[in-house]
Structures are given as structure tokens and as C-alpha cells.
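Below: one structure, written as C-alpha cells.
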Amino acid sequence: MANILPKSFYDRRTIDVATDLLGKFLCRKIGRNTYKGRIVEVEAYLGAKDLACHTSKGKTPRNEVMFGPPGHAYVYFIYGMYHCFNVVTEKEGNPCAILIRALEPIDEIRKFRNCDTRLISKFPGFPISDPSTTCGNNENKSSKNLHGKSIYNMLNGPAKLCRELMIDRKLNGWDLTSGKQLWIEKGETIRSGRIKKSKRIGVDYAGNWKDRLLRFYIKNNEYISKE
DNA sequence: GGTATGATGGGC
DNA sequence: CCCATCATACCC
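At position 139 of the first sequence the residue is numbered 186 (this note's numbering), and the sequence of numbers has no breaks.
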């Protein structure tokens, strides 16, 4: 597939990769089907010197993927119940990554959420496929399925998008350029005027790094985790 | 919008 | 003990 982002995309300065990831498509293949979400919010983690980055305390079994080559997935388990998905950037040995914080669901994923019940029997517990949802072409911001979930509230957080797309530690280290199971495709390039910056979320422990503006999101997008 | 709290368990 | 989260409660 020609649209898969190549290794060279990730082998650059982390902040540049982070802003360039906005507007690209995260793709997850499960069974015969592929589900895609548009990346709308990310955070950059700048390696050993960055006190908010897991690698600031050195190499451990958990974070060793970040020390490897760019273009691989760094997936970690947090708070006893959640996973977060990152892409590794920069040259091998410079342990940086970008946390994917929110996705905008696009047509396939919406259709699946609403209509496709075949996968449910194959993957019991797959959260995005809720048999109680109705087939909805008239969704609005307050539309909810029978479990009270809105399409606006399913992919707007790093742990929520992992839950919905069944991303867990089995995909830690996955080569995102292989075009199987999990990859990222070209989309639009978001001009800097459409990108907002803020402090990263949940890193108040990170000393003089906690206030750095390393969170990037698409201005006015409806699927952001937090304003 | 903000703050506070419990859930829940791997990592160091 | 800590934690790159989430859902819920409440606005002290």
C-alpha cells in the first residue's frame, strides 16, 4: 500500500514528526477489516533529557523499544487498567516518542461501530462493536448508543483509543511500516496556523519540563481529549 | 471550565 | 511507593 508512512518519516526531529502526524490516519486491521482514525492530538516526548519521558530514568524492560529504530510502536500499560500507544522517533539510541492522544473516527469506523455485528462473535468484548447500537446516519453530538456512549467520546483520549482499537502490549515494538495489523497512512498536512500547542497532560511531576508546550492538536477539532 | 477521588495492577 | 488515565462527583 503506497500510502503507508515510511521509516524516513519517523527518522526526524520529534517535534516535526509530531506536528506532521496531525491529519494522518492511524490504521488497525483486525480480522478482515481495517479501521481508521484521523490523528487530531499528539504529545512529543523528547528522550533522556525530558523529565516527563519514560526514558529519562534510563533504559528498562518497559521502555527499551524507545531506544530502538524509529517507526515502531511503543505501547505501555498504565494505572493498572489502560494502555497508551506511541510512535518511536529519531535515530536508534535517541529514545524519543510521540503519544497519540485522540482520533477522529472516519467513515469505516463509524459504519463498523453502528452496523457490523459479524466481528462481535469473532472478537467478543471488542469495545467498538456494540451490538446495542443502532444504525445511525443522523448522529449528532448528543447521539448515544444504548450504553450511553457517544461517538465523540470513544477515541478522545490515549487509553480510550487503545481500548477501542484493541491496541495492547502485544503490539509493543510493532513495525509501523510493515502495513500489517497497525500502521499509519498519509493524509493531509496541517499548516501551523491550524495547530494549537499546550502543556502536556498528566506530567506535573516533571519539574522544569512540565510546562513545555509539547502537546499539539488541530484547532477547532471536535474530537480532542481536552481543551 | 476547575478540583478531587477511586479503580486497579505493573514497574522500579 | 509511583504512574503519559478515566469516569464521576461536585463547585467547598
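By construction, the Cβ of each residue, glycine as well, lies at the ideal position given by its N, Cα and C atoms. From a predicted model like this one, the values you see are computed outputs, not experimental measurements.
Check your understanding: Excluding sequence positions up to five away, which residues of its chain have a Cβ less than 6 Å from the Cβ of W221?
Key -> Translated into the one-based positions of the first sequence, residue 221 becomes position 174. If we look at W221 and ignore the five residues flanking it on each side, its Cβ neighbours are A120, L229.
Check your understanding: What residues in its chain sit with their C-beta under 6 Å from that of R262, if we drop five residues either side in the sequence?
Key -> Locating residue 262 in the first sequence gives position 215, where the first residue counts as 1. The answer, listed in chain order, is E90, S245, R247.
Exercise for review: Verify whether the separation of the beta carbon atoms of T61 and C143 is less than 8 Å.
Suggested key: Position 14 of the first sequence, counted from the first residue, corresponds to residue 61. Position 96 of the first sequence, counted from the first residue, corresponds to residue 143. Yes. Within cutoff.
Exercise for review: Please list, in chain order, all residues of the same chain as K104 whose beta carbon is under 6 Å from its beta carbon, the five residues on each side excluded.
Suggested key: Counting from 1 along the first sequence, the entry for residue 104 is found at position 57. Excluding sequence neighbours, K104 sits near nothing in its chain.
Point to revise | Residue(s) in a DSSP beta bridge with R131 | key: Taking the first sequence and counting its residues from 1, the one referred to as residue 131 is at position 84. Here residue 131 turns out to be Cys, not Arg, going by the sequence shown. Looking at the DSSP output, C131 bridges to Y123.
Check your understanding: Going straight from the alpha carbon of T102 to that of L73, what length do you get?
Key -> Within the first sequence, the letter at position 55 stands for residue 102. Within the first sequence, the letter at position 26 stands for residue 73. Near 24 Å, if we compare the C-alpha coordinates of L73 and T102.
Exercise for review: Grab the span of the beta strand (DSSP E) containing Y152 for me, first residue to last.
Suggested key: On the first sequence, position 105 is the one that residue 152 refers to. In the sequence on display, residue 152 carries Pro and not Tyr. Segment 143-152, the beta strand (DSSP E) holding P152.
Check your understanding: Among residues of its own chain, excluding the 5 on either side of R241, which ones have a beta-carbon nearer than 7 Å to its beta-carbon?
Key -> Along the first sequence, read from residue 1 onward, the residue named residue 241 stands at position 194. Correct list, in chain order: I265, K266.
Review point. What residue from A253, M201, V134 has the CA that sits closest to G118's CA?
Key: On the first sequence, residue 118 is found 71 positions in, with the first residue counted as 1. Ranking the options by Cα distance to G118, first place goes to V134.
Review point. Helix, strand or coil: which one does DSSP assign to W256?
Key: As a first step, residue 256 is located in the first sequence; it is residue number 209 there, counting from the start. Helix at W256.
Point to revise | N-terminal and C-terminal residue of the alpha helix (DSSP H) that T81 is part of | key: Position 34 of the first sequence, counted from the start, is the residue given in the question as residue 81. Element bounds for T81: not the alpha helix (DSSP H) but the beta strand (DSSP E), 80-92.
Review point. For the beta strand (DSSP E) that F263 lies in, which residues bound it at each end?
Key: Against the first sequence, residue 263 aligns to sequence position 216. That run of the beta strand (DSSP E) goes 262-265.
Check your understanding: Buried or exposed: where does Y123 fall if 16 or more other Cβ atoms within 10 Å of its Cβ makes it buried?
Key -> Numbered from 1 along the first sequence, position 76 holds the residue referred to as residue 123. Buried, because 16 or more other Cβ atoms sit within 10 Å of the Cβ of Y123.
**Study point:** 7 Å CB neighbourhood of I271 in its chain, flanking five on each side removed
**Key:** As a first step, residue 271 is located in the first sequence; it is residue number 224 there, counting from the start. If we look at I271 and ignore the five residues flanking it on each side, its Cβ neighbours are V87, E88, A149, N203, Y264.
Point to revise | Local conformation of D222 per DSSP, three classes | key: Locating residue 222 in the first sequence gives position 175, counting from the first residue. In the three-state reduction of the DSSP assignment, D222 falls in the strand class, which pools E and B.
Exercise for review: Give the DSSP bridge partners of F72, in chain order.
Suggested key: Within the first sequence, residue 72 is the residue found at index 25, counting from 1. Beta bridge pairing from DSSP links F72 with R85, E232.
Practice item. Reducing DSSP to helix, strand and coil, say where L272 ends up. Key: Counted from its first residue, the first sequence places residue 272 at position 225. Going by the sequence as given, residue 272 is Ser instead of Leu. Looking at S272 - three-state DSSP - the assignment turns out to be coil, as it is neither helix nor strand.
Check your understanding: Which two residues bound the contiguous alpha helix (DSSP H) that contains S55?
Key -> Residue numbering aside, residue 55 sits at position 8 when the first sequence is read from its first letter. Start and end: 54-57.
Check your understanding: Which stretch, first to last residue, makes up the beta strand (DSSP E) that contains K243?
Key -> Along the first sequence, read from residue 1 onward, the residue named residue 243 stands at position 196. Residues 242-245.
Exercise for review: Rank T107, M213, A95 by C-alpha distance to the C-alpha of G78 and give the top, closest one.
Suggested key: Taking the first residue of the first sequence as position 1, residue 78 is located at position 31. Looking at the Cα atoms, M213 is the closest of the given residues.
Check your understanding: Is DSSP giving T136 helix, strand or coil here?
Key -> Working through the first sequence from its first residue, we reach residue 136 at position 89. In this structure, T136 counts as strand in the three-state DSSP scheme.
Check your understanding: Per DSSP, which one or two residues make a beta bridge with I51?
Key -> Along the first sequence, one-based indexing puts residue 51 at 4. Partner(s): E232.
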